[in-house]
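Residue 208 in full-length UniProt numbering is what sits at position 208 of the sequence shown, and the numbering runs on without skipping anything. By construction, the Cβ of each residue, glycine as well, lies at the ideal position given by its N, Cα and C atoms.
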Amino acid sequence: MTNQRFSLTKGLFFFIQYFTAIVLISLQFVEISTRDPRRPLQTCYIWSVWEALAAFLIIISVDYILVARIYALYPHNRIVKYLIGLFYAAEIIAIAIGFGMAVPQVEFDELCTIVKSPRIFLVAIGAPVAFQTILFAVTMWKFISVVRVGGWKYAHLTMVLVRDGTWAFILLFLLLISEAFLYGFASKAYTGVMYGIILNLKKAGHAQALPPDSYILDGEATISFATAGHGTSRDWDPYYQLQPCRNPPKLEPTWSQHGQKKTCKSSRYSGGGLQCKNTINYQWTL
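Here it is, written out as structure tokens:
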């Protein structure tokens, strides 16, 4: 640190500390804004732009401090300084291009949840991961060189830098990899996380309110039977799941003729005749 009352490094430390808190607080308003049914769809895009810009500023600020640590480890090695500076500039350009091209192509649902993201988004995530790996490798090389030449007693300061750099590398690496996985590879899968727990809690609430031998069907279900020339198929409504009990009641379905549909089409497998398919809807009561 310098003896000046203010420097770029000090400013970045304050920026990272307080700006990150401001970003986390602002993101809480995303959920509040999505509850208004009158909000325009452009609101999701505006929040996405803000998140991308905030992430860009935080990443380049943190990496600048890590670059300064590398410069302190190699004070007289111009080649290392030039290469690290070049990689840092390339990282900034890659992140800017990745976010700039990916954010306009992101698709949202009615709750502003990302349901589809372009592959170019991985560039904005992969560039910081690659740069962090380079910084970590350069730091470890310096540490090994100092220990090999002067022993452990001369590596105290270097050990502190390596320790802090290792923690920073591991945390940022895991964070960026998880973001890349969620938005790049499983943008739809993670939106259904823990749905089974919610359904089990709902089922447990019904079980506590009823005797042990009781059996309940929540609402009405529709079953469609399709008959054709080659077999029978049965389609269940996925919302309803029937669970076995010790004494299940016998269901006596009552047929309802409304909604019955019959479709026929010519088929070469039936000798040039018609192949028909009947769909009958029925509902049952206990």
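| If you run the structure through DSSP and keep just helix, strand and coil, what is residue 106? | As a first step, residue 106 is located in the sequence shown; it is residue number 106 there, counting from the start. In this structure, residue 106 counts as coil in the three-state DSSP scheme.
| query | Candidates 93, 115 and 167: which alpha carbon is nearest residue 60's? | reply | Indexing the sequence shown from 1 puts residue 60 at position 60. Of 93, 115 and 167, the residue nearest in Cα terms is 93.
| query | Got a sec, what are the start and stop residues for the beta strand (DSSP E) residue 114 sits in? | reply | Numbered from 1 along the sequence shown, position 114 holds the residue referred to as residue 114. In the DSSP assignment, residue 114 falls within the beta strand (DSSP E) that extends over 114-116.
| field | Contact belief for residue 106 with residue 117 at Cβ below 8 Å, rounded distance in angstroms | value | In the sequence shown, residue 106 corresponds to position 106, counting from 1. In the sequence shown, residue 117 corresponds to position 117, counting from 1. That belief holds up - the Cβ atoms of residue 106 and residue 117 are roughly 5 Å apart, short of 8 Å.
| For residue 164, three-class secondary structure by DSSP | Here residue 164 is taken as the residue at index 164 of the sequence shown, counted from 1. Residue 164 falls in the helix class under three-state DSSP.
| request: Measure the beta-carbon distance from residue 64 to residue 12 and round it to whole angstroms, keeping in mind my assumption that it falls under 8 Å. | output: For the purposes of this step, residue 64 is taken as the residue at position 64 of the sequence shown. For the purposes of this step, residue 12 is taken as the residue at position 12 of the sequence shown. Indeed, because the Cβ distance is near 6 Å, the residues count as touching under 8 Å.
| Taking the alpha carbon of residue 48 as the point to measure from, which residue in 114, 164 and 78 has its own alpha carbon closest? | Taking the first residue of the sequence shown as 1, we reach residue 48 at position 48. Looking at 114, 164 and 78, the one whose alpha-carbon comes closest to that of residue 48 is 114.
| query | Does any CB atom of chain D fall closer than 9 Å to the CB of residue 136? | reply | Looking at the structure shown, chain D is missing, and only one protein chain is on hand.
| Reference residue 97, options 143, 69, 53 and 43, closest by Cα | In the sequence shown, residue 97 corresponds to position 97, counting from 1. Here the closest residue by C-alpha is 53.
| Chain-order list of residues whose beta-carbon lies under 8 Å from that of residue 29 (same chain, five-residue window excluded) | For the purposes of this step, residue 29 is taken as residue 29 along the sequence shown, with counting starting at 1. Excluding sequence neighbours, residue 29 sits near nothing in its chain.
| query | In chain order, what residues of the same chain have a beta carbon less than 6 Å from the beta carbon of residue 168, not counting five sequence neighbours either side? | reply | One-based indexing of the sequence shown puts residue 168 at position 168. Here the set comprises nothing.
| message | Looking at the secondary structure, which residues open and close the alpha helix (DSSP H) in which residue 56 lies? | response | Numbered from its first residue, the sequence shown carries residue 56 at position 56. First-last of the alpha helix (DSSP H) with residue 56: 42-73.
| Distance, residue 100 Cα to residue 27 Cα | One-based indexing of the sequence shown puts residue 27 at position 27. One-based indexing of the sequence shown puts residue 100 at position 100. Rounded to the nearest angstrom, the two C-alpha atoms are 20 Å apart.
| message | According to DSSP, is residue 8 part of a helix, a strand, or is it coil? | response | Numbered from 1 along the sequence shown, position 8 holds the residue referred to as residue 8. DSSP places residue 8 in helix when its eight states are reduced to three.
| said: At the level of alpha carbons, what is the spacing between residue 57 and residue 200? | reply: Reading the sequence shown from its first residue, position 57 is the one you call residue 57. Reading the sequence shown from its first residue, position 200 is the one you call residue 200. Looking at the two C-alpha atoms, the distance is approximately 42 Å.
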